[in-house]
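S.K.: Starting off with a structure, shown below.
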Amino acid sequence: MRPYRVIDDGWTEGGGSAPGGPLDTGLPGVFEDMAEMSARVAEIGARPGLWFRPLLPRTETGAVRPGMLRDSGLPLDPSLGVALDAVAEDVTRFRDLGCELIKRDRSRTGAEILVRLYRTIVEAAGDDAVVIGCDTVGHLAAGLTTVRRCDDDTSGRSWERTRRTGVNTLAFRLAQHNRLFTVDAGYVPCTPRTDWNLNRQFPDLVARSGAALFVSVDPAARTDRTARVGRRAGKTGWKR
51 MRPYRVIDDG WTEGGGSAPG GPLDTGLPGV FEDMAEMSAR VAEIGARPGL WFRPLLPRTE
111 TGAVRPGMLR DSGLPLDPSL GVALDAVAED VTRFRDLGCE LIKRDRSRTG AEILVRLYRT
171 IVEAAGDDAV VIGCDTVGHL AAGLTTVRRC DDDTSGRSWE RTRRTGVNTL AFRLAQHNRL
231 FTVDAGYVPC TPRTDWNLNR QFPDLVARSG AALFVSVDPA ARTDRTARVG RRAGKTGWKR
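Under our numbering, residues 51 to 290 are what the sequence shown spells out, in order.
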């Protein structure tokens, strides 16, 4: 099996430790001809490889979002199509030079950014506060949020939407309850436009499951009957 021989970052013009792009020329006097370097590596029976940092250029381009300035370089914004085009151009060039291994370095993923955000919020809130994650990524929020709102909004206008996004959410997410976080399948809406004979089944179901129960009641829809159901559900629902 042929081993890889990898040129560490710092091979570009500017030298030093990871000077960043442009990545179209090598370090004068050392890596002036990268295609020749790859060919020489192949001649000795190894497979040429290259290490680079895809999001760190030395010069400002259209792939850098305005205002994103740092002492160590001008970070590309990977949410911009022009930035992705620039990265693709570099990688294509490396392949054309004969590189068979390409190592990318120092680019934080979206998942890492979200986890850092979730951790910052929960640590700042302290041990005594309940942190509810709404529109959070479930497996990334595990352990970093007390309760997670898992549904896509129930409705005070349509029982069918509440059934679809609330009841179904509870059915499919309850396996995560008290394992990843406390499950919140959506608030129970009570308005003059909701059929209480149908709607009352939802708080009863949530309360029996032990999941978090949130109720949103329009004062115009409040009756002794809705109040009784609310009190009964509150006694059996989730408590911290």
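Where is the CB? At the ideal position from N, CA and C, for every residue including glycine.
Would you decide whether N247 is buried or exposed? Buried here means 16 or more other CB atoms lie within 10 Å of its CB.
M.R.: One-based indexing of the sequence shown puts residue 247 at position 197. N247 should be labelled exposed.
S.K.: Of all the options A257, R243, A261 and M87, which has the alpha carbon lying nearest to the alpha carbon of A225?
M.R.: Within the sequence shown, residue 225 is the residue found at index 175, counting from 1. Nearest C-alpha to A225: A261.
S.K.: From D178 to V187, what distance separates their C-alpha atoms?
M.R.: Counting from one through the sequence shown, the residue named residue 178 turns up at place 128. Counting from one through the sequence shown, the residue named residue 187 turns up at place 137. Going from the Cα of D178 to the Cα of V187 covers about 23 Å.
S.K.: Ignore the nearest five residues each way along the sequence and tell me which others in V181's own chain have a CB closer than 7 Å to its CB.
M.R.: Position 131 of the sequence shown, counted from the start, is the residue given in the question as residue 181. Contacts found: I171, V172, A175, T195 and T196.
S.K.: Here's the rule: buried if 16 or more other CB atoms are within 10 angstroms of the residue's CB, otherwise exposed. What is A133?
M.R.: Here the question's residue 133 lines up with position 83 in the sequence shown. Flag for A133 reads buried.
S.K.: State yes or no: is the C-beta of R198 within less than 8 Å of the C-beta of T204?
M.R.: Here residue 198 is taken as the residue at index 148 of the sequence shown, counted from 1. Here residue 204 is taken as the residue at index 154 of the sequence shown, counted from 1. Not a contact, by the Cβ cut-off of 8 Å.
S.K.: With C-beta atoms as the reference, is L147 less than 8 Å away from A136?
M.R.: Walking along the sequence shown from the start, residue 147 turns up at place 97. Walking along the sequence shown from the start, residue 136 turns up at place 86. No, these two residues do not count as a Cβ contact at 8 Å.
S.K.: I think G99 touches E150, with their Cβ atoms under 8 Å apart; what is that distance to the nearest whole Å?
M.R.: Stepping through the sequence shown from its first residue, residue 99 is reached at position 49. Stepping through the sequence shown from its first residue, residue 150 is reached at position 100. About 6 Å separates the two Cβ atoms, so the contact holds.
S.K.: Between A270, P253 and D234, which has its C-alpha nearest R278's C-alpha?
M.R.: The residue labelled residue 278 in the question sits at position 228 within the sequence shown. Nearest C-alpha to R278: P253.
S.K.: To the nearest angstrom, how far is the alpha carbon of R52 from that of H227?
M.R.: Counting from 1 along the sequence shown, the entry for residue 52 is found at position 2. Counting from 1 along the sequence shown, the entry for residue 227 is found at position 177. Each residue's Cα considered, the two are about 50 Å apart.
S.K.: For D234, count neighbouring Cβ atoms within 10 angstroms of its own Cβ and tell me buried if that reaches 16, exposed if not.
M.R.: As a working mapping, residue 234 is identified with position 184 in the sequence shown. Label assigned to D234: buried.
S.K.: Report yes if the C-beta distance between D155 and D74 is below 8 Å; otherwise report no.
M.R.: Within the sequence shown, numbered from 1, the residue matching residue 155 stands at position 105. Within the sequence shown, numbered from 1, the residue matching residue 74 stands at position 24. It is not a contact, given that the beta carbons lie outside the stated cut-off.
S.K.: At what residues does the beta strand (DSSP E) containing D135 begin and finish?
M.R.: Residue mapping note: residue 135 aligns to position 85 of the sequence shown, counting from 1. First-last for D135: G131 to D146, but that is the alpha helix (DSSP H), not the beta strand (DSSP E).
S.K.: Indicate the three-state DSSP secondary structure (helix, strand or coil) for G183 in the structure shown.
M.R.: What you label residue 183 is simply residue 133 of the sequence shown in a count that begins at 1. Reduced to three states, the DSSP call for G183 is strand.
S.K.: Taking all protein chains shown into account, decide if L220 is buried (16 or more other Cβ within 10 angstroms of its Cβ) or exposed.
M.R.: Counted from its first residue, the sequence shown places residue 220 at position 170. Its Cβ being crowded by 16 or more others within 10 Å, L220 is buried.
S.K.: I152: which of T159, T142, A161 and G160 sits nearest, CA to CA?
M.R.: One-based indexing of the sequence shown puts residue 152 at position 102. Checking every option, the nearest Cα to that of I152 belongs to T142.
S.K.: Quick one: Cα of T215 to Cα of G206, how far?
M.R.: Taking the sequence shown and counting its residues from 1, the one referred to as residue 215 is at position 165. Taking the sequence shown and counting its residues from 1, the one referred to as residue 206 is at position 156. Going by the C-alpha atoms only, they are around 12 Å apart.
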